[in-house]
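Worksheet for the structure shown next.
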Amino acid sequence: MTWELSQRRFVRSINSKYIYGRIPLLHTIVFLIEMAFIARLTARFNSYYDERPLMTMMVTNAILGGVADTVAQSITAIRERALRQPGGLKKNDGVAIEIHELDRKNPFYERDLIPDSLGLPPPFDFERLTRFMAYGFCMAPVQFKWFRFLERVFPVTKTSAFVPAMKRVAFDQLIFAPFGLAVFYTTMTIAEGGGRRAVSNKLRDMYIPTLKANYVVWPAVQIVNFRLMPVQFQLPFVSTIGIAWTAYLSLTNSASE
Numbered sequence: 010m011t012w013e014l015s016q017r018r019f020v021r022s023i024n025s026k027y028i029y030g031r032i033p034l035l036h037t038i039v040f041l042i043e044m045a046f047i048a049r050l051t052a053r054f055n056s057y058y059d060e061r062p063l064m065t066m067m068v069t070n071a072i073l074g075g076v077a078d079t080v081a082q083s084i085t086a087i088r089e090r091a092l093r094q095p096g097g098l099k100k101n102d103g104v105a106i107e108i109h110e111l112d113r114k115n116p117f118y119e120r121d122l123i124p125d126s127l128g129l130p131p132p133f134d135f136e137r138l139t140r141f142m143a144y145g146f147c148m149a150p151v152q153f154k155w156f157r158f159l160e161r162v163f164p165v166t167k168t169s170a171f172v173p174a175m176k177r178v179a180f181d182q183l184i185f186a187p188f189g190l191a192v193f194y195t196t197m198t199i200a201e202g203g204g205r206r207a208v209s210n211k212l213r214d215m216y217i218p219t220l221k222a223n224y225v226v227w228p229a230v231q232i233v234n235f236r237l238m239p240v241q242f243q244l245p246f247v248s249t250i251g252i253a254w255t256a257y258l259s260l261t262n263s264a265s266e
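Written out as structure tokens, the structure is:
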């Protein structure tokens, strides 16, 4: 009991620390740890992939999902702290102002992406981070097999590259993208303790706006992916580019709670 109390006090203490008075210290520490793991994976990716391709993809996807959620939580914390300072946003706080303006100008979601927090500002949510990492870990085999399927059905050759790549993009965006978003919101809602009604409400509020945003971002990314990337790099490429996208999903998921 004493250890748990000490641990809570320690976490609370770190959550109250800021770099330059704006950037949350704990969020930064978590981000740097994640980047250290990414650097390690990047340095030895080919050897890991040759030995255990699927596990390599799963671990890579999990870490990148964690990075995305950490970025999302950091965005929320920076914006909330700036807004709750006496006098609100400061004119010289360019980062917080940009975050605030981007939140207001989001064309796909009627409400603010970055939810108001009861905390001052919201503490780092390790359970939420774990959910995102677990989701990335578990979805990697499905995505990996899907990319292998597309490679087999629409092979890219030296004489025929553009058309098969476009067919892959079409199949990916018309079949896997709607499926993947439905799985994401359903899985996250259940993991947060929600039931059937909560899942239904989440899909009703978030599915179509997020799918619209998906079609703005991902077709161009997937053209590059399927046209230029070897199959072993397709999932890491998508996951790396998708850090911003997954951060967006993290914000939309938390905004609808």
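Residues in the sequence shown are numbered consecutively from 10, following my numbering.
Backbone N, C-alpha and C fix where the C-beta goes; we use that ideal spot for every residue, glycine too.
Computed from a predicted structure; not experimentally measured.
The three-state secondary structure of Tyr27, taken from DSSP, is strand. Between Leu138 and Asp214 the beta-carbon gap is near 23 angstroms, outside 8 angstroms, which marks them as no contact. Inter-residue distance for Ala229 and Phe180 is about 14 angstroms (C-alpha atoms, whole angstroms). Boundaries of the alpha helix (DSSP H) around Gln231: Arg205 to Leu237.
Contact between the segment 181-188 and the segment 196-207 is absent, with fewer than three C-beta pairs closer than 8 angstroms. In this model, Arg61 and Val226 are separated by some 31 angstroms (Cα to Cα). In this structure, DSSP gives Pro187 a helical state, which the three-state scheme calls helix. Between the alpha carbons of Thr249 and Phe141 lies a gap of roughly 15 angstroms.
Leu260 and Phe171 have their C-alpha atoms spaced approximately 35 angstroms apart. Here Asn262 has Met197 as same chain residues with Cβ atoms under 6 angstroms from its own Cβ, once five neighbours each way along the sequence are excluded. Of the residues assessed, Arg53 falls on the exposed side of the cut-off, its CB having fewer than 16 other CB atoms within 10 angstroms. The closest CA to that of Asn234, considering only Arg157, Thr255 and Thr65, is found on Arg157.
Residue environment analysis places Thr219 among the buried positions, since at least 16 neighbouring C-beta atoms fall within 10 angstroms of its C-beta. Distance from the CA atom of Trp254 to the CA atom of Leu159, rounded to whole angstroms, is 22 angstroms. If you look at Lys167, you'll find it isn't in any alpha helix (DSSP H); DSSP assigns it neither H nor E.
Nearest C-alpha to Ala143 among Phe193, Phe163 and Pro132: Phe193.
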